[in-house]
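Enquirer:
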Amino acid sequence: MKSPQLASKPETETTSAEPIKKLSVVIPVFNSDRTLHELFCRLKDVFEQIEQDFEVVFVDDFSSDRSWDVIRQIKEEHPSLVTGIRLATNTGQHNATLCGLYFSAGDIMITIDDDLQVPPEEIPKLIDHYQDTNAD
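Here the working numbering is used: position 112 in the sequence shown is 102, and no number is missing along the way.
Okay, here's the thing in structure tokens:
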């Protein structure tokens, strides 16, 4: 099972004593119209439970299904929580991820795949480990 990835912006130092102000979840998307609503709802539930300010940055890597329509719908329903980016060509998962990291506004960033193979409910463990070890 893959693990979500966590990164921080270089100019931001977060210690175990300092709370994370805002967390960005970057999701490269490719032909995942069937999982995006569930993924977003589960992410929202997780961050509400741990009372963490967050945003979700969806980067559609030029999907051929309805992924972009779903992202736009989620953005319309949750404008303050969602950023949607659609790439003009298929550039691959790594480039889509880098694009999302560039446009994220959080102090800390987590990347997670769009297919729900990694349960969003595992994110609090990642955050706890980050804070316990002062990792970046």
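Even glycine gets a Cβ: it sits at the ideal position worked out from N, Cα and C. Computed from a predicted model, the values in this text were never measured in an experiment.
Indicate the three-state DSSP secondary structure (helix, strand or coil) for F48 in the structure shown.
Expert: Of the three classes helix, strand and coil, the one that applies to F48 here is strand, per DSSP.
Enquirer: Taking 8 Å as the CB-CB cut-off, is G82 touching chain C?
Expert: Within the model displayed, chain C is absent; a lone protein chain is all it includes.
Enquirer: Taking the straight line between their C-alpha atoms, what separation do you get for V36 and V72?
Expert: C-alpha separation (whole angstroms): 15 Å.
Enquirer: Among Y120, E112 and R24, whose alpha-carbon lies nearest the alpha-carbon of W58?
Expert: Here the closest residue by C-alpha is R24.
Enquirer: Please name the residue or residues paired with S14 in a DSSP beta bridge.
Expert: Its beta-bridge partners are E45 and M99.
Enquirer: What do you get for Y120, buried or exposed, if any count of 16 or more other CB atoms within 10 angstroms of its CB means buried?
Expert: Y120 should be labelled buried.
Enquirer: Identify whether A7 lies in helix, strand or coil by the three-state DSSP scheme.
Expert: Because the pLDDT at A7 is just 45, under 50, the model does not fix this residue reliably, and the value given afterwards should be weighed accordingly. Coil.
Enquirer: Between L29 and L106, which are expected to be in contact by the criterion C-beta below 8 Å, what is the C-beta distance as a whole number of angstroms?
Expert: Between L106 and L29 the Cβ distance is about 6 Å, and since that is below 8 Å, they are a contact.
Enquirer: To the nearest whole angstrom, what separates the beta carbons of V16 and L91, a pair I think is in contact under 8 Å?
Expert: About 6 Å separates the two Cβ atoms, so the contact holds.
Enquirer: How is the beta strand (DSSP E) around T73 delimited, first residue to last?
Expert: That run of the beta strand (DSSP E) goes V72 to R76.
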